[in-house]
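In this note's numbering, the protein residues as written are 64 to 443.
Note that beta-carbon positions come from the ideal geometry of N, C-alpha and C, so glycine has one too.
Here the structure is laid out as structure tokens; the discussion comes afterwards.
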């Protein structure tokens, strides 16, 4: 990890140096990608460990095939430094190459951002995205190099060999599958499922009552995603437009008149890890007062309130959650590196304290601060 952290620090200086003029693909590989692979213990000079220009079924080649016991386990497709990595065709192509050869993982990178896809998931190629991590110091100035390194280390030779990446994918994608299955059971419960519930509840509850209750329960658990296909397309555009754009100074503002925002608008296109992270935050906020905490979806963020008092709001981004709390910046406990004062900075959410939460460990560390914000509004 020490070598990886040092490597990232050096590369961040190069990223700033070459940002304006950019690097062609070959230069990106030698200048930015090869050093990362070496730091992750993938020897790019050893063809038994890293095969360059790995041949594909259509006569083309993928830039790198990372191997364990001389067998490819992960493909890495490199793009020029300035490539935004948003070409669906490019994602579909590298995922298809990996699937054709029975390779479980693939990465699309421009040397700055690494997008990691689980090939085996039964979904459209872009929806196979497990997580992404960026080395760009200007994109995440508050994010420590150690945090970036810990996420990138999931691609290390040891992590692949130990099954760590497989376990991570299984965790997040299985959660998504179970949530979708529960949604389907609640919206269209099969007869055997209804019989099991009725047996458990007793004869006093009719099947129709159970069906209606299932819909209410599903909504209460935030597991309903009712947006139509056109709404999902619009949501993708909203996410893209909001990237890199400064929001207004935080303050409570309801949805625009006549417009209903949905959970799908915020979760569509999010990596599986970030989607799961958001749902963990949602469960925690609701657990603070199960009968009192309400959640609302706005155009740019999601907010949680007790009565009319907002205590927490959040925005899903590709590599993290941004969370805003109704706290005085002076109330931030000492030693919390992921919190900052945004009282004089424009932002989307409500509150003067912003938390940057890239993973579940940070969310766990943030829970006392979120509880502190809740307690403050609870005593109003």
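Going by DSSP, name the residue or residues bridged to residue 131.
Beta-bridge pairing links residue 131 to 134.
Three-way DSSP call (helix, strand, coil) for residue 126 in this model:
In the displayed model, residue 126 falls within a strand according to three-state DSSP.
At which residues does the alpha helix (DSSP H) containing residue 99 begin and terminate?
Note, residue 99: alpha helix (DSSP H), 97 to 102.
Per DSSP, residue 172 is paired with what?
Answer by DSSP bridge pairing, in chain order: 141 and 177.
What's the C-alpha gap between residue 403 and residue 416?
Roughly 6 Å between the two C-alpha positions.
Can you list the alpha helix (DSSP H) stretches of 4 or more residues lying completely in the region 228 to 267, in chain order?
At a cut-off of 4 residues, the continuous stretches assigned as alpha helix (DSSP H) that sit fully inside the region 228 to 267 are 254 to 264.
Apply the 10 Å Cβ neighbour rule to residue 161 and answer buried if 16 or more other Cβ atoms are within range, or exposed otherwise.
By the neighbour-count rule (16 or more Cβ atoms within 10 Å), residue 161 is buried.
Is it right to say residue 69 is buried, meaning 16 or more other beta carbons lie within 10 angstroms of its own, or is it exposed?
So residue 69 counts as exposed.
One or two residues paired with residue 194 in a DSSP bridge
For residue 194, which the question treats as bridged, DSSP gives the partners 179.
For the pair the region 173 to 183 and the region 137 to 149, tell me if three or more CB-CB distances fall below 8 Å.
Verdict: yes, contact present.
Going along the chain, which residues of its own chain have a beta-carbon closer than 7 Å to the beta-carbon of residue 364, five neighbours each way excluded?
Result list for residue 364: 376, 377, 378, 411 and 412, in chain order.
Rounding to the nearest angstrom, what Cα-Cα distance links residue 121 and residue 156 in this structure?
Taking the straight line joining both Cα atoms gives about 11 Å.
Once you ignore the five residues that flank residue 257 on each side, which residues in its own chain have a CB closer than 8 Å to its CB?
For residue 257, where only same-chain residues beyond five positions count, the Cβ hits under 8 Å are 270, 273 and 274.
Over what stretch of residues does the alpha helix (DSSP H) that includes residue 340 continue unbroken?
In the DSSP assignment, residue 340 falls within the alpha helix (DSSP H) that extends over 335 to 350.
Under the three-state reduction of DSSP, which class applies to residue 80: helix, strand or coil?
Here residue 80 sits in helix by DSSP.
How about residue 250 and residue 268: do their beta carbons lie closer than 9 Å?
Cβ distance not < 9 Å, so residue 250 and residue 268 don't count as in contact.
Alpha carbons only, please: which of 422, 219 and 95 is nearest the one belonging to residue 343?
If we check each option's Cα against that of residue 343, 422 comes out closest.
Is the beta carbon of residue 325 sitting closer than 9 Å to the one on residue 341?
The criterion of a C-beta distance shorter than 9 Å is not satisfied by residue 325 and residue 341.
Cα-Cα separation between residue 236 and residue 428, rounded to whole angstroms:
Roughly 24 Å between the two C-alpha positions.
Suppose you measure from the CA of residue 93 to the CA of residue 224; what does that come to, to the nearest Å?
About 25 Å.
Identify which residue in 80, 281, 191 and 254 has its Cα closest to the Cα of residue 338.
Taking residue 338 as reference, the option from 80, 281, 191 and 254 with the minimal CA-CA separation is 191.
Buried or exposed: residue 201, going by 16 or more other Cβ atoms within 10 Å of its Cβ?
Around the beta carbon of residue 201, a 10 Å sphere encloses fewer than 16 other beta carbons of the protein chains shown; the residue is thus reported as exposed.
Quick check on this structure: which residue in 112, 133, 103 and 140 has the alpha carbon closest to the alpha carbon of residue 119?
Residue 140 is the option with its Cα nearest to residue 119.
First and last residue of the alpha helix (DSSP H) that includes residue 427?
Residue 427 -> alpha helix (DSSP H) spans 423 to 441.
Along the beta strand (DSSP E) that carries residue 381, what are the first and last residues, could you check?
That residue, residue 381, is in no beta strand (DSSP E); it is neither H nor E in DSSP.
Output yes or no for whether 9 Å exceeds the beta carbon distance between residue 441 and residue 352.
With contacts defined by Cβ atoms closer than 9 Å, residue 441 and residue 352 form a contacting pair.
Within 10 Å of its beta-carbon, does residue 436 have 16 or more other beta-carbons around it, so buried, or fewer, so exposed?
Looking at its Cβ environment, which holds 16 or more other Cβ atoms inside 10 Å, residue 436 is buried.
Anticipated Cβ contact below 8 Å, residue 64 with residue 212, distance rounded
Contact holds; Cβ gap of about 6 Å.
Distance CB(residue 189)-CB(residue 332) smaller than 9 Å:
For residue 189 and residue 332, yes; Cβs fall inside 9 Å.
Excluding the 5 residues flanking residue 232 on each side, which residues of the same chain have their C-beta closer than 7 Å to its C-beta?
Closer than 7 Å at Cβ, skipping near neighbours: 181 and 193.
Using the DSSP secondary-structure output, state which residues sit across from residue 387 in a beta bridge.
According to DSSP, residue pairing for residue 387 in a beta bridge involves 376 and 417.
Taking C-beta to C-beta, are residue 359 and residue 366 nearer than 9 Å?
It is a contact, given that the beta carbons lie within the stated cut-off.
Exposure of residue 128, with buried meaning 16 or more beta-carbon neighbours within 10 Å:
Within a 10 Å sphere around the beta-carbon of residue 128 sit 16 or more other beta-carbons, which makes this residue buried.
Give the DSSP-derived three-state secondary structure of residue 106 in the structure shown.
In this structure, residue 106 counts as coil in the three-state DSSP scheme.
Candidates 159, 198, 196 and 170: which alpha carbon is nearest residue 187's?
For residue 187, the nearest C-alpha among the options comes from 159.
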